[in-house]
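Before any comments, here is the structure.
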């Protein structure tokens with residue numbers, strides 16, 4: 027059984043910061059790369075950052091230099107984080123965590139809402 031719980035979202039002013047957390051229960055998460063996805067209304071989910079099982083990291087160009095992804099592995103779970111700095115008003119979206127590629131694990135959590143304001 028798998029479980030994904032995202033938290034840490036909120037209202038943030040332009041230039042502000044937030045730290046998102048993901049609690050992923052299930053061995054599938056420990057054995058795979060993990061990522062943070064964003065979903066804007068009316069659009070497909072977009073991968074913004076990934077961290078591999080043993081730590082290699084990639085970022086979408088739009089967040090490079092502003093976001094930092096990290097993960098802590100346990101026996102059958104993963105805690106993952108996304109430090110987001112210098113957020114802009116267009117930051118409004120819902121963030122989700124999951125394995126990468128997400129086709130390997132079709133269940134999604136409820137996500138965490140980030141709302142940017144100018």
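Numbering (the working numbering), first residue to last: 27 to 144.
For glycine and all other residues, C-beta sits at the position ideal for the given N, C-alpha and C.
Since the model is a prediction, treat every value here as computed from it, not as a measurement.
| Query | Result |
| --- | --- |
| Can you tell me the Cα-Cα spacing of residue 111 and residue 102, whole angstroms? | 30 angstroms |
| Assuming residue 140 contacts residue 36 under a Cβ cut-off of 8 angstroms, what Cβ separation, rounded to an integer in Å, is found between them? | 7 angstroms |
| Can you list, in chain order, the residues of its chain with a C-beta nearer than 6 angstroms to that of residue 64? Leave out the 5 residues immediately preceding and following it. | 72, 74, 119 and 121 |
| Can residue 126 and residue 59 be called in contact, C-beta distance under 7 angstroms? | yes |
| Note down the Cα distance separating residue 91 from residue 29, rounded to an integer number of angstroms. | 30 angstroms |
| List the endpoints of the continuous alpha helix (DSSP H) containing residue 56. | 53 to 56 |
| Would residue 49 pass as a contact of residue 38 if the rule is Cβ separation under 7 angstroms? | no |
| Whole angstroms is fine: what's the gap from residue 88's alpha carbon to residue 113's? | 11 angstroms |
| Suppose the cutoff is 8 angstroms on Cβ atoms and the five residues either side in sequence are ignored; what does the same chain contact list for residue 115 look like? | 40, 142, 143 and 144 |
| Once you ignore the five residues that flank residue 100 on each side, which residues in its own chain have a CB closer than 8 angstroms to its CB? | 56 |
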